[in-house]
Amino acid sequence: MKNIIKITTPLDIKEIVNLKAGNFVNITGNIYAARDAAHKRFFELIEKGKRLPIDLKGQIIFYAGPTPTKPGHSCGSVGPTTSYRMDPYTPELLERGLKGMIGKGLRSQEVIDSMKKNKALYFAAVGGAAALIARSVKRSEVIAYEDLGAEAVFRFYVEDFPAIVVVDSAGKNLYETEPPKYKK
Amino acid sequence: MVVSRTPVREALRELAAEGFVKMHEIKASQIIDKVKKLFLKSNYHINQDLIKLLQQAQKKETSPIGKSVLQMIISNNKISSKEEVPICQDTGLAVVFVEVGQEVHLVDGDFTEAINQGVKEAYEEGYLRKSVVDDPVFERKNTKTNTPAIIYTDIVPGDKIKFLVMPKGFGSENMSAIAMLKPADGEKVIVDFVVETVKKAGPNPCPPTIIGVGIGGTIDKAMVIAKKAIVRKINQPNKNPKFAALEKEILTKINNLGIGPAGLGGNITSLAVHIDYLPTHIAGLPVAVNVCCHAARHAEGIL
């Protein structure tokens, strides 16, 4: 296992610029789970000039929709969903202060350009490691759009949430730099 | 197969009792229970052969990041199994392959409803995520039961019902593809198409993946056999040596792409390639690629 860097939310700018693609991190603090349907609603609010249900400044959005919580657990299984579906919405959220995203898979060039401009980080969590990841979620509550079920906005208090920086604030992208090393 | 009117049922029973017809009565409630149990099992417990394959992959992987990713996947499977919690938060669209023996006589209910009821109970009582929306374009309203299931039924000889359930996640389903190739394209173009599909998918379908390939039949049937091929017994190559060689060639080429576990670089991009094939039309060569994540969740049961 590689060295793990501990970080806390909300993220501060010094912390952000120091983190590099390839760093393994453990995240502690509040993070917000929101996926397709919640992003769509965020945009409907933005178009109407209304406030979003969360203040995005310095925050991390986790692209995820958990399973229902089993009694005796603090959260259901929860791992990343594929991020590209949120790409059309992301630059606008970065402009509004969002500093981190946890998901899996490729992002559009527009997202990466906006991350460089706004100094933000894209983390990968391991897809399909949802039972393991759920252990780091100590508290879970729905804070908006309860009617969306698993697609509601959740606030998770996490301790040592395992993730990997895949795109850093300089735009270095692990998905581009690592695979060629193993190509035959 | 489904006889619900009482007089007919009674007549059949009498005939069966006198040995004129063979018949195995199965109650709808048995189907509900079986389907429920299989969906719970497949969402909590990964197949043992696959665990072994993941452990071998973890040893073989040369990328340090890839090794760590595989270790997390292995740990995850241990936790989900021990605590009986879902392996993945995407507990999938409920796919059910059913082989119904032609001597089965279903009583006290409707076949399709029973399967859907089993799915509903599993997803409600087993703390599984409900991920089905009704109208796919406009409202996209969650049905809140994870139904309807996708059901494929074959009528076969015998007096049993065999179920194969597959909760299919959409991170990988979205990366699947189909091509209607020309007969003249042959082997090389098939290999290129499958490898290109995996390449384009990159990190999205949760590699290391299992790739189901369906060749022949019609455009629709090719994808159905590709889907079923995903959960074929691991390390059991196609019985036809030519197709077995094709599986091997595709797997090698995929793993030479360098995508690696979670798409973060490495030698293990896919764990297995399973091809199934069917006779097809003189003018066609359908090739379907159904991509599946590293969990390849499924469970089988017989009534």
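Line by line, the protein sequences are chains D and B. Those letters in the first sequence? Residues 15 to 198, by the numbering used here. Those letters in the second sequence? Residues -14 to 288, by the numbering used here. Virtual Cβ for every residue (Gly too), placed ideally from N, Cα, C. A quick note: this is a predicted structure, and the numbers were derived from the prediction, not measured.
Local Cβ density within 10 Å of Met115 (chain D), reported as buried at 16 or more and exposed below that
buried
For Val272 (chain B) and Asp261 (chain B), what's the separation of their Cα atoms in angstroms?
10 Å
Is the beta carbon of Val180 (chain B) less than 8 Å from the beta carbon of Lys238 (chain B)?
yes
Using a Cβ-Cβ cut-off of less than 8 Å, give me the residues of the stretch 79 to 105 of chain D that come near chain B, in sequence order.
Gly79, Pro80, Thr81, Pro82, Thr83, Lys84, His87, Gly90, Ser91, Val92, Gly93, Thr95, Thr96 and Tyr98
One question on the structure: do Pro188 (chain B) and Ala281 (chain B) come within less than 8 Å of each other, judged by their Cβ atoms?
Contact flag unset, no.
Whole angstroms is fine: what's the gap from Val83 (chain B)'s alpha carbon to Ile146 (chain B)'s?
7 Å
Are Ser97 (chain D) and Tyr77 (chain D) close, meaning C-beta to C-beta below 8 Å?
Contact: yes.
Are there 16 or more other CB atoms within 10 angstroms of the CB of Ile95 (chain D), so buried, or fewer, so exposed?
The residue asked about is misnamed: residue 95 (chain D) is Thr in this sequence, not Ile. A residue is called buried when at least 16 other Cβ atoms come within 10 angstroms of its Cβ; Thr95 (chain D) meets this threshold and is buried.
Below 7 Å CB to CB, which residues in the same chain sit around Thr97 (chain B) once its five sequence neighbours on both sides are set aside?
These residues qualify, in order along the chain: Ile136.
List, from N- to C-terminal side, the beta strand (DSSP E) runs of 3 residues or more that fit wholly inside the stretch 29 to 111 of chain B.
78 to 86 and 89 to 92
Residue range of the beta strand (DSSP E) that Tyr262 (chain B) falls in?
Ser255 to Thr265
Using C-beta distances below 8 Å, list every residue in its chain close to Glu289 (chain B), excluding the 5 sequence neighbours before and after it, in chain order.
Beyond the ends of chain B as shown, which are -14 and 288, falls residue 289 (chain B); an answer cannot be given.
Determine the DSSP secondary structure at Pro188 (chain B), reduced to helix, strand or coil.
coil
Which residues in chain D have a C-beta closer than 8 Å to the C-beta of Cys277 (chain B)? List them in chain order.
Near Cys277 (chain B) there are no residues of chain D at all, since even the closest Cβ is about 11 Å away, more than 8 Å.
Quick one: which chain D residues come within Cβ less than 8 Å of Ser48 (chain B)?
Glu192, Lys195 and Tyr196
Spatial neighbours of Lys12 (chain B) in its chain, beta-carbon cut-off 6 Å, leaving aside the 5 residues before and after
Val92 and Asp93
Could you confirm whether any beta carbon from chain B is found closer than 8 Å to the beta carbon of Gly114 (chain D)?
no
The beta strand (DSSP E) that contains Asn240 (chain B), what's its start and end?
Here Asn240 (chain B) belongs to no beta strand (DSSP E); instead the alpha helix (DSSP H) covers Pro226 to Asn240.
Going along chain B, which residues have a C-beta under 7 Å from Val167 (chain D)?
By Cβ distance, chain B contributes nothing, its closest Cβ being about 15 Å from Val167 (chain D), past 7 Å.
Unbroken beta strand (DSSP E) run spanning Pro105 (chain D), endpoints
Secondary structure note for Pro105 (chain D): it is in no beta strand (DSSP E), and the uninterrupted alpha helix (DSSP H) holding it is Thr104 to Glu109.
Identify the contact partners of Lys118 (chain D) in chain B, using a Cβ-Cβ distance below 9 Å as the criterion.
Gly156, Pro188, Asn189, Cys191, Ala247 and Gly248
Take the Cβ of Pro264 (chain B) as the centre, count every other Cβ of all protein chains shown within 10 Å, and call the residue buried at 16 or more, exposed below.
Under this definition Pro264 (chain B) is an exposed residue.
What residue ranges within the stretch 110 to 186 of chain B form continuous alpha helix (DSSP H) runs of no fewer than 4 residues, ordered along the chain?
155 to 158 and 171 to 186
Kindly say whether Asp75 (chain B), judged by its beta-carbon, lies nearer than 8 Å to any beta-carbon of chain D.
Asp75 (chain B) has a beta carbon lying within less than 8 Å of a beta carbon in chain D.
What three-state label does DSSP hand Arg55 (chain D) in the structure shown?
helix
My output table needs one value for Met100 (chain D): the three-state DSSP class, helix, strand or coil.
Reduced to three states, the DSSP call for Met100 (chain D) is helix.
Of the residues D:Lys84, D:Leu108, D:Tyr196 and D:Lys133, the one placed nearest Ile75 (chain D), counting alpha carbons only
Cα-wise, what sits closest to Ile75 (chain D) is D:Leu108.
Taking just the CA atoms, how far does Lys64 (chain D) sit from Ala214 (chain B)?
Looking at the two C-alpha atoms, the distance is approximately 50 Å.
Just the Cα atoms here: how many angstroms apart are Gln33 (chain B) and Ile157 (chain D)?
39 Å
Using DSSP bridges, identify the partner residues of Asn40 (chain D).
D:Lys20 and D:Pro176
Report the CB separation of Ile17 (chain B) from Ile72 (chain B) in whole angstroms; it is logged as a contact under 8 Å.
Between Ile72 (chain B) and Ile17 (chain B) the Cβ distance is about 23 Å, and since that is not below 8 Å, they are no contact.
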